[in-house]
Amino acid sequence: MSTIDLTQPLATLLRESTHEAHETVENSPSAKLLLSGGLAQDEYIRYLMMLWHVYDTFERALDRHAAHPTLEPTYNPTLLARAPLLAADISYLLGVQESSWQTHPMYLSLFSSMPGPLQDYVSRIQEISDSSDPSPLLAHSYVRYLGDLSGGQTIRHVISKAYDLDETEGLGLSFYAFKELRTAKPASQGEMKRIKDWFRAGMNAAGETSAAVKVAVIAEANMAFNLNAGLFSTIKLKDKGSKDLLSKEIAVQVEHAQPEEKTYPIGQVIAVIAAVCLAHFLIVVGGFTGNKGYQKLLAIEAWLRNFFQSGTD
Ligand code: HEM
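If you use the UniProt record's numbering, the sequence shown corresponds to residues 1 to 313, in order.
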């Protein structure tokens, strides 16, 4: 069993202890499809809507607990807040005013029957926010913000190509953009690294408050990765031609399937032998001549055929 050295800084502990969870989410079919730019545009917009709901909930929670000693060092909505940017991107992609995207049928349909994993995610954030110790919210900041800061530029490029968005103009891509730490200028790759360093330093400062905080944030970070995996699991794997990739995969598997040798479980074989004996008894006792006998023979034949078919379905 691996042990955690709680004398290590929180940022180091988080990176090490979520390594596996990160790999799992990174290798999920939906993440791969998203990162290859192959996701159908409506599914991409639907995903952004779910993210908006998550960010809106946890950014409100961060505002509420802004002065908490664990959360204060990384609290910087001007730099980090993503919910307003997601709203701008969703509106742009839908081709509607920002004031009206929440009346769009896609949004209404998503939230009239909210997917379970999305409900779980926002409920968990709400639960922490309403608890006596909101420290684990730091884990949610870590998983989302440091993830966005890490994958940002690459994903931005892929998404711009996938949905024909102008990278220079940046419309529809603002979710992936960060401003410099001290100015309102767009952050370069080097500046993104500085922002990450600042964020990690903030987490380390928060971790110094107590070992219990470290333990709680590490546990919550793993849960946050799982919650993100849950969100990914709700993405319909259809490509841009709107073909359902899952059914395509199944079709390919069927095409490639080798004809199987027919085998029958021993129970079925015994049952057939018993049935044949019974049929034999009926034939012998009941007679097997004339039209009646012929009908019996047909009935037995049909029964045997059905039996074998149901055994191979
Ligand atoms: C979709 C596929 C993904 C790929 C290919 C990917 C790739 C990466 C890479 C290369 C880094 C290291 C960057 C660096 O150190 O500068 C990183 C860091 C990170 N990623 Fe991802 N990522 C993916 C998905 C995600 C998701 C879905 C999340 C969470 C929702 C996430 C959260 C993070 C976090 C928190 C870090 C920072 C780790 C640390 O330094 O403590 N990633 N990712």
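Here a beta-carbon is modelled for each residue, glycine too, at the ideal position from N, C-alpha and C.
| Check | Outcome |
| --- | --- |
| Using a threshold of 9 Å, state whether the C-beta atoms of residue 88 and residue 59 are closer than that. | no |
| Across the region 201-217 and the region 128-139, are there enough close Cβ pairs to call them in contact, namely three or more that are closer than 8 Å? | yes |
| Go through its chain and collect everything with a Cβ distance to residue 4's Cβ below 6 Å, but skip five positions before and after it. | none |
| Express the C-alpha separation of residue 36 and residue 158 in angstroms, rounding to a whole number. | 7 Å |
| I need the DSSP call for residue 236, collapsed to helix, strand or coil. | coil |
| I need the boundaries of the alpha helix (DSSP H) containing residue 25, first residue and last residue. | 19-26 |
| Compare the Cα-Cα distances from residue 171 to each of 100, 74 and 90 and report the closest residue. | 90 |
| Compare the Cα-Cα distances from residue 232 to each of 101, 22, 189 and 146 and report the closest residue. | 22 |
| Given a cut-off of 9 Å on the beta-carbon distance, is the pair residue 140 and residue 125 in contact? | yes |
| Please classify residue 53: is it buried, with 16 or more other beta-carbons within 10 angstroms of its beta-carbon, or exposed? | buried |
| Taking buried to mean at least 16 other C-beta atoms within 10 Å of its own C-beta, is residue 73 buried or exposed? | buried |
| Does the ligand HEM have a heavy atom nearer than 8 Å to the CB of residue 18? | yes |
| Taking C-alpha atoms, which residue in 236, 228, 237 and 238 lies nearest to residue 51? | 228 |
| Helix, strand or coil for residue 179? Go by DSSP, reduced to three states. | strand |
| Rounding to the nearest angstrom, what Cα-Cα distance links residue 6 and residue 204 in this structure? | 12 Å |
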